[in-house]
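Asks: Got a structure for you, questions after.
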Amino acid sequence: MMMMMMMMLVVVVVLVMIVVALVMTLVVLVMIVVMFVIIVIIIVVILVVVVVGMISGEDSDDDDDDDDDDDDDDAGRSGYGGGGSFSSSSSSSSSSSSSSSSSSSSSSSSRSGGGTITTTKTTVVVVVVVVEVVVVVVVVVVVVVVVVVVVVVVVVRAVVVVVVIVALVVW
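Residue numbers for the sequence shown follow full-length UniProt numbering, beginning at 1 and rising by one.
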């Protein structure tokens, strides 16, 4: 009678351990799925940020070009107006020099504006990529730790069950 009770106890313990191992495995699988969903969300956010940055960057480039064209027109008009008091040759040279200086300044400003926008886009992309890599590394480390813990727990419980069965048989 006592032997039957011990065998039933061992069977119950083994069944409980199997159920616990299955539940822990399901928890690990759910965590892995959640982490993959997080990674997909991060990738989507990166794509949205890059696309929005490119769209806003193109709009601001167009605005800068329009402003530069207006500056060139104004410089040309002022050059012709200022050169009216001189001879025809000097007025043409002064107007060409003033327009060339204004065009060079406008081109340099458009270059610096474009460089700033490009630098901002690059900085945003680099920061987002670094954040994504860090998150992926953390996710992988957490998954590995959880899997190791589950394996250790299952192995320890299996060893305990074997020890209990051997002890009962020997006893």
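All C-beta atoms, glycine included, are put in the ideal place defined by N, C-alpha and C.
Please name the residue in V126, V10, M8 and V142 whose C-alpha comes closest to that of L47.
Replies: The candidate whose alpha carbon is nearest that of L47 is V126.
Asks: For M35, which residues in the same chain have their Cβ closer than 6 Å to its Cβ, ignoring the five residues on either side in sequence?
Replies: Once the five neighbours on either side are set aside, the close Cβ partners of M35 are V139.
Asks: Among the residues of its own chain, which have a CB less than 8 Å from the CB of V10, if the five just before and after it don't count?
Replies: Result list for V10: V161, V164, I165 and L168, in chain order.
Asks: Out of curiosity, what's the CA-to-CA distance linking residue 176 and V156?
Replies: Because the chain in this structure spans residues 1 to 171, residue 176 falls outside the shown range and cannot be described.
Asks: From V40 to V149, what distance separates their C-alpha atoms?
Replies: Distance between the alpha carbons of V40 and V149: 26 Å.
Asks: Rounded to whole angstroms, what's the CA-CA distance from V147 to V28? Just pull it up for me.
Replies: About 7 Å.
Asks: Do you know offhand how far V135's Cα is from M54's?
Replies: Approximately 25 Å, taken between the alpha carbons.
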